[in-house]
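*Asks:* Counting with our numbering, you get residues 300 to 442 for the letters of the sequence shown. The beta-carbon is built from N, C-alpha and C at its ideal position, and this holds for glycine as well. In this text the structure is predicted, and so the values were computed from the model without any measurement. The structure follows.
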Amino acid sequence: RMCVDYRALNAATIKNKYPLPRSEDLFDQLKGAKVFSKIDLQSGCNQIRVREEDIEKTAFSTRYGHYEYRVMSFGLTNAPAYFMEAMNSMLHSFLDNFVVVFIDDILIYSKDVEEHERHLRMVLETLRENKFYAKLKKCEFWV
Numbered sequence: 300r301m302c303v304d305y306r307a308l309n310a311a312t313i314k315n316k317y318p319l320p321r322s323e324d325l326f327d328q329l330k331g332a333k334v335f336s337k338i339d340l341q342s343g344c345n346q347i348r349v350r351e352e353d354i355e356k357t358a359f360s361t362r363y364g365h366y367e368y369r370v371m372s373f374g375l376t377n378a379p380a381y382f383m384e385a386m387n388s389m390l391h392s393f394l395d396n397f398v399v400v401f402i403d404d405i406l407i408y409s410k411d412v413e414e415h416e417r418h419l420r421m422v423l424e425t426l427r428e429n430k431f432y433a434k435l436k437k438c439e440f441w442v
């Protein structure tokens, strides 16, 4: 995987203070759940487009040419927080009910199989509507 040195850009960036959740708080939500599915999003940050006016700020050069990212790069200081905020915003109506989000991992939890089928369908439809894609090899269903 290619790595771009964004230290200068990151130093000049206003930091997004969006908090990552505490794992203890996330585990508390799972009480009573018996059926689980985990969705791992494919190259999470790369699924979010960079605003048109910010594309030039992501520029980098190699011996093969000059390039700019059109999607969020993993090396940008605000990438994890922005991605987490986007996931929470997209799945907000499911959070604390049957979904836990931690950066690019989505855990769906339910009390029984019938409920889980409904929950899983709702989350997958929401991801599809918002054009977010999972890495099927890393997903686990009906655990």
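#1: Are the Cβ atoms of Val400 and Asn387 separated by less than 7 Å?
#2: Quick check on the DSSP output: the alpha helix (DSSP H) that includes Val303 runs from which residue to which?
#3: What residue range is occupied by the uninterrupted beta strand (DSSP E) comprising Val412?
#4: What residues in its chain sit with their C-beta under 6 Å from that of Ile437, if we drop five residues either side in the sequence?
#5: Count the other C-beta atoms from every protein chain shown that fall within 10 angstroms of the C-beta of Met371, then say buried if there are 16 or more, exposed otherwise.
#6: Does the distance from the CB of Ser336 to the CB of Leu419 come in under 7 Å?
#7: For the region 321 to 397, which segments carrying the alpha helix (DSSP H) assignment without a break, of at least 4 residues, lie completely within its bounds, in sequence order?
*Replies:* The short version:
#1: yes
#2: Unbroken run through Val303: none, as it is neither H nor E.
#3: Element bounds for Val412: not the beta strand (DSSP E) but the alpha helix (DSSP H), 412 to 428.
#4: Note that residue 437 is Lys in the sequence shown here, rather than Ile. Asp339, listed in sequence order.
#5: buried
#6: yes
#7: 322 to 327, 378 to 389
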